[in-house]
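Per the working numbering, residue 2 is the first one in the sequence shown, and the count goes up by one each step. Notes for the one structure printed next.
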Amino acid sequence: MLIPYGRQNISQADIDAVIAVLRSDFLTQGPVVPEFERTVSEYCKSKYGVAVNSATSALHLACLALGVGPGDRVWTTPITFVASSNCALYCGAEVDFVDIDPRTYNMSPAALAAKLESAEKNGTLPKVVVPVHLCGQSCEMEAIHALSLQYGFRIIEDASHAIGGSYKGEPIGNCRFSDIAIFSFHPVKIVTTGEGGMAVTNDHELAASMQRLRSHGITRDPAEMTTPSEGPWFYQQIDLGFNYRMTDMQAALGISQFQRLDEFVKQRHALASSYNSLLESCPVTVPWQHPDCHSSFHLYVVQIHPAEMKASQREVFERLRSHGIMVNLHYIPVYRHPYYRSHGHATTSLPEAERYYSQALTLPLYPGLEAHQQREVVEHMKSPLGHQTIF
Ligand SMILES: *Cc1c(COP(=O)(O)O)cnc(C)c1O
């Protein structure tokens, strides 16, 4: 049987919640989406939540709401899913990458400070920075926020991995140190709506803008209209928006999943500490946890040391896969993709990101993963060491 790297956890209550919507009057644009938005924003202590059909859409709308356009620069980390930087390209902006911290693998505030200092001299400061909370562990947001005040950029937290985590004792998504935070509800993430995402913010204007943009740029609010209402049918398109709406079936699944969010995160922590102890005798670096952070543990990434392991990263990866253990690598540095190579990043290479990429391996981690499966994963990681002692 295959052991995937992540998978959803669906209960009977989740199924019943979706069926209840299917039997109701509204499959979309009904009352359940706003209820899900309240559920998420209350949980993470932000004022507004804007539900959309994916985190990718949420990132796109967040960039647009912050006015990102041609001629602007957006910076993010190279160790992320391509969506974190594609959002800027959708808006016609340029993307650049800030190297990572070797302990957290998140965007390094020191590397960011250094890059900002030279960008200020060259007149190439970014309009927006997108820190990504890799594996569910928050970036050092206080430091990044302090730099935003000094250099005048805005912040979108890509918290796709991080719902249920906290930073300095407060929930990720409260936007204390950012303008907007976005979440993903893809089935491999912490909680799921099938496909889905949400942008959270404390800024009324940003929320209103994202609400319009997810539905064609249309408003029904007289306060946002350019002329008085012409009748009860009246609406105006005041921006060029999209159809990025979430359905009520998805929102119902999200609300139901949220009941178990804290339990999921607790289970992920228990599984992570089991891995930590099982891997004590294995020459790998286990995930380092910043004292300011309580991770949601979306991913459990180890750094393998090929010399001591007597096997290359690729050999370990292939060996685990050949035993049905679907390890993964999060992520290939974004600038290495051909599209980025041919769009301004032909020679981009960041030393810490490259080193991370050459050693990283994501082990399976999801609620429902069993102790014997974790032992099996670790046994197969160690097996050439076993042979070493025999022969
Ligand atoms: C999954 C993910 C996304 C995109 O999420 P979707 O909901 O699939 O669009 C964006 N950023 C990061 C870091 C992700 O892991």
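The beta carbon of each residue, even a glycine, is placed where N, CA and C say it ideally should be. The structure presented is a predicted model; accordingly, all values stated were derived computationally and were not measured.
Bridge partners of residue i, per DSSP?
{"i": "residue 133", "result": "159"}
{"i": "residue 76", "result": "97 and 130"}
{"i": "residue 211", "result": "DSSP output for residue 211 lists no bridge partner at all."}
{"i": "residue 362", "result": "303"}
{"i": "residue 167", "result": "172 and 295"}
{"i": "residue 66", "result": "For residue 66, which the question treats as bridged, DSSP gives no partner whatsoever."}
{"i": "residue 329", "result": "363"}
{"i": "residue 52", "result": "199"}
{"i": "residue 216", "result": "244"}
{"i": "residue 285", "result": "305"}
Apply the 10 Å Cβ neighbour rule to residue i and answer buried if 16 or more other Cβ atoms are within range, or exposed otherwise.
{"i": "residue 123", "result": "exposed"}
{"i": "residue 258", "result": "buried"}
{"i": "residue 50", "result": "buried"}
{"i": "residue 223", "result": "exposed"}
{"i": "residue 71", "result": "exposed"}
{"i": "residue 7", "result": "buried"}
{"i": "residue 244", "result": "exposed"}
{"i": "residue 190", "result": "buried"}
{"i": "residue 28", "result": "exposed"}
{"i": "residue 235", "result": "exposed"}
Note down the Cα distance separating residue i from residue j, rounded to an integer number of angstroms.
{"i": "residue 309", "j": "residue 45", "result": "42 Å"}
{"i": "residue 389", "j": "residue 145", "result": "A caution first: residue 389 carries a pLDDT of 47, below 50, which makes its placement in the model unreliable, though a value can still be read off. Computed Cα separation, rounded: 46 Å."}
{"i": "residue 88", "j": "residue 384", "result": "42 Å"}
{"i": "residue 351", "j": "residue 177", "result": "29 Å"}
{"i": "residue 361", "j": "residue 342", "result": "22 Å"}
{"i": "residue 91", "j": "residue 207", "result": "18 Å"}
{"i": "residue 347", "j": "residue 338", "result": "10 Å"}
{"i": "residue 163", "j": "residue 32", "result": "26 Å"}
{"i": "residue 321", "j": "residue 363", "result": "11 Å"}
In the DSSP assignment, the beta strand (DSSP E) including residue i goes from what residue to what residue?
{"i": "residue 304", "result": "301 to 305"}
{"i": "residue 202", "result": "198 to 202"}
{"i": "residue 182", "result": "181 to 185"}
Leaving out five residues before and five after residue i in sequence, what residues of the same chain have Cβ atoms less than 8 Å from its Cβ?
{"i": "residue 372", "result": "275"}
{"i": "residue 212", "result": "51"}
{"i": "residue 4", "result": "325, 326, 327, 365, 370, 374, 377 and 378"}
{"i": "residue 121", "result": "152"}
{"i": "residue 333", "result": "358"}
{"i": "residue 355", "result": "334"}
Tell me which residues share the same chain as residue i and place their Cβ nearer than 7 Å to its Cβ, disregarding the 5 neighbours each side in the sequence.
{"i": "residue 285", "result": "303, 304, 305 and 306"}
{"i": "residue 84", "result": "56, 57 and 60"}
{"i": "residue 336", "result": "79, 98, 346 and 349"}
Output the boundary residues of the alpha helix (DSSP H) element that contains residue i.
{"i": "residue 255", "result": "249 to 259"}
{"i": "residue 87", "result": "84 to 91"}
{"i": "residue 37", "result": "33 to 45"}
{"i": "residue 145", "result": "142 to 152"}
{"i": "residue 276", "result": "262 to 279"}
Leaving out five residues before and five after residue i in sequence, what residues of the same chain have Cβ atoms less than 6 Å from its Cβ?
{"i": "residue 11", "result": "none"}
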